[in-house]
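Engineer: What follows is a structure written as C-alpha cells; I'll ask about it next.
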Amino acid sequence: MQRSILHVDMDAFFAAVEIRARPELAGRPVIVGGRAEQRGVVAAASYAARRYGVHSAMPTATALRLCPEAVLLPPRHALYAEVSQQIRAVFLRYTPQVEPLSLDEAFLDVSASERLFGPGEAIGRRIKQEIRDELGLVASVGVAPNKFIAKIASDIDKPDGFMVVAPERVQAFLDPLPVGRLWGVGKVGAKAFERLGITTIGQLRAYTPRLLQQHFGNFAAQLWQLAHGNDEWPVVSEHEAKSVSQETTFARDIGDREVLRAWLLDLTDQVAWRLRRQGLKGRTVQIKVRLADFSTLTRAQTLAQPTDITDEIWRAALRLFEQRLPQPLPPLRLIGVGVSGFDAVQAAQEDLFAAQGRQRQNRIDAVMDRVAERYGRGSLFRAGTPRGK
Ligand SMILES: [Mg+2]
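Laid out in C-alpha cells, this is it:
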C-alpha cells in the first residue's frame, strides 16, 4: 500500500520559542546556548544569526565572534518540551502514528487518516497552519511516500517550507541532490564519493550494488536502496517505543572531550525529563556515537534497578563514555543517549534504605524540573556531578 508520511520540523525551534516570548527580538540575531566563558555551545540560532555563519553545536565563543551583536539566551528545555507537547497535540488530531525525533521534529504516518481528512498534502497544510495560528510558531513540512524522502523534503524548502514529493516524482526529486543527503553519509562520506567522481544521488544510482560494496562494505546495500528512494522504515509512535533516547548530529565533528561531555549531559537531562514526564523507568542505559567515517558504536549498561533519575542515568552514561569507547577517542559526528528496558511493574522490591535514598533523588529531580521550567535548565547544578559546562 502506498504510504503517506509527513516530516514536520520546527524552524529554529528554541530560538523561535524565545522570540515568541520577547517579540522585541523578532528579526534580530538570537542564539540559545551555554555561556562562552563556560565553554557553552549553541543549541539553536535564529535565521538572522545564521546569516553570520552561526549554527548549532558551534562553541558559543565562536558564534559571538562571528556575530557580536547577537542576543545570547540560556536554554529552557522544560519550556521547549512543554511547547513540543502542544505541537504533538496538533499532530494527534490527525493521526496516532507520531514518531518524535526530538523536541522539534517528528514523523507522522497519515496513510490511514486520508479517508477522513483528505490527502497527505491537505493534512500537512492544516497542521502547518494550526501550529502557526494556535502556537505562533513556524514549521516546515515535507510530504512523501516514506520517511527518508519526507525528511529531505521538509529541509529543502526551509524556513517556512512546504514540499510535496509525489511517489512518481521521487526519483526526479532525488537524482540532482548531493550524495550527502543520503542518511548516514554526511560531509566526510561525501568526500569519499567525490574521490569516486560521485557528487549527486543520480550518479550513485548508476553504480551496481556490487561495485558500491567494494567501496562501502555493508553500508552499500542501504545506500543503493536510499538512492532509489526506497525506505520501508515504519513510523513508530512513542507509546510503542521501547526506548526513550535523544541524540544530536554536529555540523562539524567534535573531538574536544569537555564539549562532548557537556552535550552528553544535556541529552541525558532531556531523556530523564521525558521518562519522568511519561512515567517510565528503564533498566538499560545506552550511549551511541558516530565517527567521522560514519561507523556507529553503541555501548550499554544494565542497572540494578529501573530508573528515571537524572543522576543515575548520567553516571552510567558517563561511565560508558569514559571507559567503554576506543582510546584515544576520535572526533565524533553524533552523540546520543537512551534508556530502555522499561518495567511494566514498578520496582517494588527495592530495599528500604536504597528506596529512601532514591526518594530523595526523586524529590531533587522534581525540584529541578520545576526550577528548570521557570528559569531554564542549567540554573542549578548537582553537587558532585561533573557538569563540564
Ligand atoms: Mg528544527
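Position 52 (the sequence shown) corresponds to 60 in my numbering; numbering is contiguous. Beta carbons: idealized from backbone N, C-alpha and C, even for Gly. On a predicted model such as this, the values are computed, not experimentally measured, just so you know.
Beta carbon of alanine 280, beta carbon of threonine 318: below 7 Å?
Structural biologist: yes
Engineer: Does DSSP classify valine 91 as helix, strand or coil?
Structural biologist: helix
Engineer: Looking at valine 187: is its Cβ nearer than 7 Å to the Cβ of threonine 276?
Structural biologist: Their beta carbons are not under 7 Å apart, which means valine 187 does not touch threonine 276 by this criterion.
Engineer: Is any heavy atom in ligand 1 found nearer than 6 Å to the beta carbon of aspartate 264?
Structural biologist: no
Engineer: Where does glutamate 142 sit, in a helix, a strand or coil, going by DSSP?
Structural biologist: helix
Engineer: For a minimum of 3 consecutive residues, which ranges assigned as the beta strand (DSSP E) are wholly contained in the stretch 194-252?
Structural biologist: none
Engineer: Does the stretch 294-314 come into contact with the stretch 322-337, if we say contact requires no fewer than three beta-carbon pairs (one atom in each stretch) closer than 8 Å?
Structural biologist: A contact exists between the stretch 294-314 and the stretch 322-337.
Engineer: How about alanine 69 and alanine 44: do their beta carbons lie closer than 7 Å?
Structural biologist: yes
Engineer: Quick check on this structure: which residue in Ser12, Gln10, Gly41 has the alpha carbon closest to the alpha carbon of alanine 20?
Structural biologist: Ranked by how close their Cα comes to the Cα of alanine 20, the residues Ser12, Gln10, Gly41 have Gly41 in first place.
Engineer: Quick one: give me the first and last residue of the beta strand (DSSP E) that leucine 116 is part of.
Structural biologist: 113-117
Engineer: Between aspartate 117 and valine 243, is the Cβ-Cβ spacing less than 7 Å?
Structural biologist: Yes, the Cβ-Cβ distance between aspartate 117 and valine 243 is below 7 Å.
Engineer: Please decide whether valine 98 counts as near chain B, where near means a Cβ-Cβ distance under 7 Å.
Structural biologist: Included in the structure is just one protein chain, with no chain B present.
Engineer: Verify whether the separation of the beta carbon atoms of glycine 126 and serine 12 is less than 7 Å.
Structural biologist: no
Engineer: Might you give, ordered along the chain, the residues of its own chain that have their beta carbon closer than 8 Å to the beta carbon of proline 184, omitting 5 neighbours on each side?
Structural biologist: Excluding sequence neighbours, proline 184 sits near Thr208, Ile209, Gly210.
Engineer: Under 6 Å, CB to any heavy atom of ligand 1. Which residues pass, going along the chain?
Structural biologist: Asp17, Met18, Phe21, Asp112, Glu113
Engineer: May I ask which residues mark the beginning and end of the alpha helix (DSSP H) holding lysine 155?
Structural biologist: 155-164
Engineer: According to DSSP, is valine 98 helix, strand or coil?
Structural biologist: Reduced to three states, the DSSP call for valine 98 is helix.
Engineer: What residue from Gly237, Leu143, Lys159, Leu81 has the CA that sits closest to glutamate 176's CA?
Structural biologist: Gly237
Engineer: When you compare the CB positions of isoleucine 39 and leucine 87, do they come within less than 7 Å of one another, or not?
Structural biologist: no
Engineer: Just to confirm my understanding: we take leucine 228, look at its own chain, exclude 5 residues before and 5 after, and list those with CB closer than 7 Å. What are they?
Structural biologist: The sequence given here places alanine at residue 228; leucine does not occur at that position. Contacts found: Pro217, Leu220, Gln221.
Engineer: When DSSP builds the beta bridges, which residues end up paired with lysine 296?
Structural biologist: Answer is Thr306, Gly344.
Engineer: Smallest Cα separation from valine 267: which of Ile131, Pro338, Arg47?
Structural biologist: Sorting Ile131, Pro338, Arg47 by C-alpha distance to the C-alpha of valine 267 places Arg47 at the top.
Engineer: On the DSSP letters alone, give me the boundaries of the alpha helix (DSSP H) that aspartate 274 sits inside.
Structural biologist: 265-286
Engineer: What does the alpha-carbon distance come out to for the pair arginine 36 and glutamate 90?
Structural biologist: 24 Å
Engineer: Return the residue from the list Leu299, Val293, Val297, Gln254 that minimises the CA-CA distance to arginine 282.
Structural biologist: The shortest Cα separation from arginine 282 among Leu299, Val293, Val297, Gln254 belongs to Gln254.
Engineer: Mapping DSSP to helix, strand and coil, what is arginine 291?
Structural biologist: strand
Engineer: So the candidates are Arg189, Gly132, Glu113; which of them puts its Cα closest to the Cα of glutamate 122?
Structural biologist: Nearest option by C-alpha distance: Gly132.
Engineer: For histidine 15, write down the residues that DSSP places opposite it in a beta bridge.
Structural biologist: Answer is Phe115, Gly150.
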